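Below is one structure; the comments refer to it alone.
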Amino acid sequence: MTKSIAVLSGDGIGPEVMQEALKVLDKLEKITGVTVERTFADVGGIAIDNHGKALPESTVATCEASDAILFGSVGGPQWEKLPGPEQPERGALLPLRKHFNLYANLRPAIVFRGLAGASPLKAEIIGDELNVLVVRELTGGLYFGKKERQTDWASDTMVYTRMEIERIAHIAFQAARMRGKKLCSIDKANVLTSMVFWREVVTEVSQQYPDVSLSHMYVDNAAMQLVRNPRQFDVILAENMFGDILSDEASMIAGSLGMLPSASLAGAPEPGKGAFGLFEPSGGSAPDIAGQGIANPIAQILSLGLLFQYGFGMPEVYGRVHNAVQQVLTRGFRTRDIQTEGTTLVDTARMGELITSAL
Ligand code: IPM
Ligand code: MN
């Protein structure tokens, strides 16, 4: 089998951690027998420098011609003075999401065995099994509703259609069905009309998933419950803005942003086939540590695992990558961000090599 991917490394630590993910990809090609053709394209700040905009047409064309997008991270202080919509994050990420209809954002917050100490929460709160999946609606709500700016006022609009809520709810219920069978839908139905509608539609969709137990929670309470007792959650479903906030919180609870991958999909992944998607670390471009060889490549490597799982319909490959990462951690190897007493410090490249050989 031959597949093709667009490799968009971006800025900051993006290129360094991508290099390690590509080592892992070489190995996965041998293991799986799948040939993965790679086309590299500029995105974010580097694209502004080389082509005058964060998302050049040529990069979009490369993505269109590929089966999946492996994304690094974008942004840095050099580009912060540009008007907001032209900056790497807003100028590249949001249009990519909209253009490819990547409405389903899956952000797992997992604590690997032995890393509970990296969480800012007490070890007894984390236990040894924290595994929460945040399913975030990614192409609607406040981010994409009508915006207005006048001299003395400005507004953003939270709009959700039935179709938009139904399709993300299906993704979340299907994900819950494959895991702990518990779905908590987040809203603010005590205040916002769009969120009353959200709750109604999610409840309707739930009738098709009698095997999944559904609960509802206001977003403010959810923010509190996540630090009080994160293990009560299995799958969390949230609209775009609430999901943005809660997924940052969930990932911090898991210890290090450098550990967590994410998938943004254009549809429900079909068994054996997957769905078109963009796969990227949850963390940012970390310009402060770029170029020093100290960044943690694990999130980028796990994002590659998710690309096989959801992009190619090969969930077992994600499992192999996850186990290889766990094995290297169990043997005591750590990058600086997750280093604790008694562990062995390694740099970005060494971590990549260790995971590759563990595979
Ligand atoms: C994310 C980021 C983006 C978002 C920003 C960079 C536009 O925070 O992917 O979570 O808000 O969606
Ligand atoms: Mn965010």
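Sequential numbering from 4 applies to the sequence shown in the working numbering. Beta carbons are placed, not taken as given, at the ideal position from N, Cα and C, and that holds for glycine. Remember, it's a predicted structure, so these values are computed and weren't measured experimentally.
Given residue i, which residues of its chain have a CB within under 7 angstroms of its CB, disregarding the five upstream and five downstream residues?
{"i": "alanine 172", "result": "Val204, Val205, Val208 and Leu240"}
{"i": "alanine 352", "result": "Glu23 and Gly296"}
{"i": "serine 12", "result": "Pro18, Met21 and Gly75"}
{"i": "arginine 170", "result": "Tyr106"}
{"i": "alanine 257", "result": "Ala112, Ile113, Val114, Ser122, Leu133 and Leu263"}
{"i": "tyrosine 212", "result": "Phe176 and Arg180"}
If you count every other CB in all the chains shown that lies within 10 Å of the CB of residue i, and 16 or more means buried, which is it?
{"i": "valine 162", "result": "exposed"}
{"i": "tryptophan 201", "result": "buried"}
{"i": "aspartate 14", "result": "buried"}
{"i": "valine 394", "result": "Nothing about residue 394 can be reported from this structure: the residues present for the chain run from 4 to 362 only."}
{"i": "leucine 118", "result": "buried"}
{"i": "serine 218", "result": "exposed"}
{"i": "serine 306", "result": "buried"}
{"i": "threonine 62", "result": "buried"}
{"i": "aspartate 131", "result": "exposed"}
{"i": "tryptophan 82", "result": "buried"}
{"i": "methionine 317", "result": "buried"}
{"i": "leucine 249", "result": "buried"}
{"i": "arginine 165", "result": "exposed"}
{"i": "serine 360", "result": "exposed"}
{"i": "valine 194", "result": "exposed"}
{"i": "arginine 100", "result": "buried"}
{"i": "glutamine 303", "result": "buried"}
Let me know the secondary structure DSSP gives residue i once reduced to three states.
{"i": "leucine 105", "result": "coil"}
{"i": "isoleucine 297", "result": "coil"}
{"i": "tyrosine 221", "result": "strand"}
{"i": "serine 288", "result": "coil"}
{"i": "alanine 278", "result": "coil"}
{"i": "isoleucine 239", "result": "strand"}
{"i": "phenylalanine 336", "result": "strand"}
{"i": "glycine 78", "result": "coil"}
{"i": "phenylalanine 115", "result": "coil"}
{"i": "threonine 347", "result": "strand"}
{"i": "phenylalanine 311", "result": "helix"}
{"i": "glutamate 89", "result": "helix"}
{"i": "glutamate 207", "result": "helix"}
{"i": "glutamate 319", "result": "helix"}
{"i": "serine 306", "result": "helix"}
{"i": "alanine 95", "result": "helix"}
{"i": "alanine 71", "result": "strand"}
For residue i, I'd like the list of residues in its chain whose CB is within less than 6 angstroms of its CB, leaving aside the five on either flank, ordered along the chain.
{"i": "alanine 57", "result": "Gly47, Ala50, Ile51, Pro91, Gly94 and Ala95"}
{"i": "proline 98", "result": "Leu58"}
{"i": "phenylalanine 245", "result": "Ile189 and Val222"}
{"i": "valine 254", "result": "Valine is not the amino acid found at residue 254; the sequence shown has serine there. Closer than 6 angstroms at Cβ, skipping near neighbours: Ala112, Leu260, Leu263 and Ser285."}
{"i": "valine 324", "result": "Gly308"}
{"i": "threonine 65", "result": "Ala9, Thr42 and Ala44"}
{"i": "serine 158", "result": "Glu151"}
{"i": "glutamine 275", "result": "First, the residue type needs correcting, since residue 275 is glycine and not glutamine in the sequence shown. Around glycine 275: Gly316."}
By the DSSP assignment, the alpha helix (DSSP H) with residue i in it spans what residues?
{"i": "arginine 180", "result": "165-180"}
{"i": "arginine 353", "result": "351-361"}
{"i": "isoleucine 256", "result": "243-256"}
{"i": "alanine 50", "result": "48-54"}
{"i": "serine 61", "result": "60-67"}
{"i": "lysine 26", "result": "17-35"}
{"i": "glutamate 273", "result": "Careful: glutamate 273 lies outside any alpha helix (DSSP H) and carries neither H nor E."}
{"i": "glutamate 127", "result": "126-129"}
For residue i, which residues from the same chain have a beta carbon less than 8 angstroms from its beta carbon, with the 5 sequence-adjacent residues on both sides left out?
{"i": "threonine 38", "result": "Met4, Thr5, Lys6 and Glu32"}
{"i": "isoleucine 301", "result": "Gly261, Met262, Val328, Thr338, Met354 and Ile358"}
{"i": "threonine 343", "result": "Gly120, Ala121 and Arg337"}
{"i": "lysine 185", "result": "Ala179, Val215, Ser216, Ser218, Phe236, Asp237 and Val238"}
{"i": "alanine 192", "result": "Met198, Val199, Trp201, Arg202, His219 and Tyr221"}
{"i": "arginine 116", "result": "Asp131, Gln329, Leu332 and Thr333"}
{"i": "glycine 335", "result": "Gly345, Thr346 and Thr347"}
The beta strand (DSSP E) that contains residue i, what's its start and end?
{"i": "leucine 195", "result": "Segment: none, leucine 195 is in no beta strand (DSSP E) and carries neither H nor E."}
{"i": "isoleucine 8", "result": "5-13"}
{"i": "leucine 268", "result": "264-268"}
{"i": "aspartate 159", "result": "157-159"}
{"i": "asparagine 134", "result": "134-140"}
{"i": "threonine 42", "result": "38-43"}
{"i": "glutamate 151", "result": "150-152"}
Validate contact between the stretch 280-288 and the stretch 61-81 using beta carbons, cut 8 angstroms, 3 pairs: yes
Tell me, please, whether the stretch 79-90 touches the stretch 19-32 by the rule of three or more beta-carbon pairs shorter than 8 angstroms. no
Near ligand 4, which residues have their beta-carbon less than 7 angstroms from any of its heavy atoms, given in chain order? Ligands in the displayed structure: ligand 1 and ligand 2; ligand 4 is not one of them.
Does the stretch 303-318 come close enough to the stretch 64-71 that 3 or more CB-CB pairs lie under 8 angstroms? yes
Validate contact between the stretch 172-184 and the stretch 135-151 using beta carbons, cut 8 angstroms, 3 pairs: yes
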